[in-house]
Amino acid sequence: MQEKNSFYREIQVVPKQAIPLSEESGHRRFVPSRLTGWMTFEIVALQPLHIGDGLLAPPEALDLPKEASLVKAFVRRGGTLMLPGSSLKGAVRSLVETFTHSCVSKSKVKRPDDWGECTYNPRGHRGKLCPACRLFGAMGYQGRVRFEDVPLLEGQRVVHRIPPQYPPRPAPDRRRYYPCDRVDGRERTWPLEVVQPGARFAARAAFVNLTTGELGLLLIALGRGRWELCLRIGAGKACGMGAVRIESLHIERVRPEQAFRAFAVEAEAVDEAACLEAALPLLREEVLEELARGLNPEVCGG
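Right, here's the structure in full:
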C-alpha cells in the first residue's frame with residue numbers, strides 16, 4: 004500500500020480468484036439452501052453529500068440562497084431528493100472489490116488477465132467470475148443484489164463549494180480510496196447543492212440465491228462486523244464529502260418453497276454472525292484493517 008499524495012491512498016491489486024459459475028448462482032430457480040430475501044436500513048450522512056443529476060440550475064430555482072449564479076443540482080424524483088440505487092450499489096461493489104480477491108472492473112486502464120475484468124458468455128454458461136462479479140453482476144450475467152432508489156427522509160440543503168475535479172488517473176496495479184481525514188486543500192470554486200451531515204435516507208435492497216459468505220461480504224461493506232466501515236458516495240470524496248453510515252439494518256429471508264404454497268409470506272431473521280463468519284475465507288483481512296483506519300465512523304465525523 005503506497006501513499007502518493009495528501010488526499011488519497013492506494014492499495015495493491017492482487018490476482019482475482021475467479022471460478023466457474025455454479026447452477027445455484029443462476030436465476031432460473033430459487034435454491035432452498037441459499038438465502039433469498041431483503042434488507043432495510045437508513046443511510047445517515049456524516050459529511051456533506053451530493054449526487055448530481057447532470058444539470059446546472061440557478062440556486063433560487065432550487066430554493067437555495069443565491070450564493071452563486073449556477074449550482075450543480077442534486078438528483079431528484081418527483082421533487083424529492085434521492086440517492087440512485089445504482090450509485091449505492093456502485094459504492095458497495097467498489098468496497099467489496101477492494102477487500103476481496105476480485106477483478107478491477109469497468110476500467111480503461113490495461114491490466115493483465117489475472118486481475119482484469121471478468122468475462123462471461125451466457126450462451127452455454129461459460130466463463131469464470133470473481134467474488135464481486137458473482138455478487139453484483141458482470142457483462143452477460145445479472146447480479147443477485149438489487150438496491151432500490153433511496154429517498155431523503157430528512158435533512159437540510161445548502162450550497163457547498165469544492166475544488167475543480169479531474170478524471171481519475173489510476174495506476175494499473177493499484178486501487179485508490181479516499182480516507183475521510185484527508186482533504187484536497189485547493190481553492191474551492193465549484194458550487195454544489197448538498198445535504199448537510201445528519202441527513203437521513205430510507206434504503207431497501209433485495210438479494211437472491213446468496214451463500215451465507217456472500218451475504219457476509221455485503222454486510223461488511225455496509226459497516227457490519229468488527230471493521231465498521233463507512234461508505235463514500237457521490238461527489239467530492241477527496242474534498243471531505245460523501246461519508247455515510249448505515250443504521251437500523253434489518254435483514255429477513257424467505258423460503259421460496261413455502262412462499263409459493265401460501266398466500267402470506269412468512270419472513271425469517273438471518274443469522275448475521277454466521278454470515279460474517281462465513282465471509283472470512285473470502286477476505287483480504289490486511290486490506291480491511293487498512294480501510295477501517297481510513298473509513299472509520301469516528302474519522303469520518305460519526
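Numbering (our numbering), first residue to last: 4 to 305.
Where a beta carbon is used, it is the ideal one built from N, C-alpha and C, also for glycine.
Just to confirm my understanding: we take residue i, look at its own chain, exclude 5 residues before and 5 after, and list those with CB closer than 6 Å. What are they?
i: R207; result: T43, E151
i: E280; result: none
i: A238; result: H53
i: A270; result: E255, V257
i: G158; result: V198, A202
i: V273; result: I254, R256
i: R248; result: V47, L49, C233, P300, G305
Between which residues of its own chain and residue i is the CB-CB distance below 7 Å, once the five residues before and five after are set aside?
i: G243; result: Q50, V186
i: M4; result: For M4, the predicted model reports a pLDDT of 41, less than 50, meaning its position is unreliable; a value from the coordinates is still stated below. The residues are R12, E13, I14, Q15, E293.
i: E190; result: P166
i: F303; result: Per the sequence shown, residue 303 should be read as Cys rather than Phe. Taken in chain order, the residues that qualify are L49, Q50, C183, C233, A246.
i: T215; result: L38, A277, C278, A281
Ends of the alpha helix (DSSP H) at residue i?
i: G219; result: 215-224
i: F102; result: 88-102
i: V302; result: 300-303
Check each candidate in the options and name the one with the smallest Cα separation from residue i.
i: C2; options: A141, K69, R129; result: Any question about residue 2 goes unanswered here, given that the chain covers just 4 to 305.
i: G81; options: P154, C136, R296, R227; result: P154
i: G127; options: G119, Y144, V107, F139; result: Y144
i: P87; options: F204, N299, A295, V290; result: F204
i: L98; options: P134, Y123, T83; result: P134
i: R179; options: A277, A60, A94; result: A94
i: C136; options: P182, A267, K19, T83; result: K19
i: L91; options: V273, R287, L225; result: L225
i: L156; options: M85, R287, H30; result: M85
i: F77; options: L218, E63, L59; result: L59
i: E301; options: L291, V290, E231, R264; result: E231
i: S89; options: N212, G188, F33, F139; result: F139
i: V131; options: E288, A21, L283, A265; result: According to the sequence shown, residue 131 is Lys rather than Val. Closest option to K131, Cα to Cα, is A21.
Which residues in the same chain as residue i place their Cβ atom closer than 8 Å to its Cβ, once the five residues preceding and following it in sequence are excluded?
i: E6; result: Bear in mind that the predicted position of E6 carries a pLDDT of just 45, short of 50, making it unreliable; the figure below should be weighed with that in mind. Here the set comprises R12, E13.
i: E275; result: L222, R227, I254
i: V3; result: Residue coverage of the chain in this structure runs from 4 to 305, which leaves residue 3 outside it and unanswerable.
How far does the beta strand (DSSP E) with residue i in it reach, from first residue to last?
i: K75; result: 74-77
i: P134; result: Unbroken run through P134 is the alpha helix (DSSP H), 134-139; no beta strand (DSSP E).
i: P170; result: That residue, P170, is in no beta strand (DSSP E); it is neither H nor E in DSSP.
i: P194; result: 193-198
i: P154; result: 153-157
i: A48; result: 38-48
i: R12; result: 12-15
i: L65; result: Run containing L65: none; DSSP gives neither H nor E here.
Using 9 Å as the limit for Cβ to Cβ distance, is residue i near chain C?
i: L298; result: Protein chains in the displayed structure number just one, and chain C is not present.
- Message: Could you check whether the region 191-199 touches the region 47-64, counting it as contact only if at least three pairs of C-beta atoms, one from each stretch, sit closer than 8 Å?
- Response: Here the region 191-199 makes contact with the region 47-64; the two share three or more CB pairs at distances below 8 Å.
- Query: Touching or not, the region 163-173 and the region 17-26, by the rule of three or more beta carbon pairs under 8 Å?
  - Reply: No, because fewer than three Cβ pairs between the region 163-173 and the region 17-26 fall closer than 8 Å, the two stretches do not touch.
- Message: Measuring CB atoms only, is the region 57-74 touching the region 156-165, in the sense that at least three cross pairs come out at less than 8 Å?
- Response: Segments in contact, yes.
- Message: If we require 3 or more residues per run, which beta strand (DSSP E) segments fall completely within the region 246-288?
- Response: Segments of the beta strand (DSSP E) lying fully in the region 246-288: 246-257.
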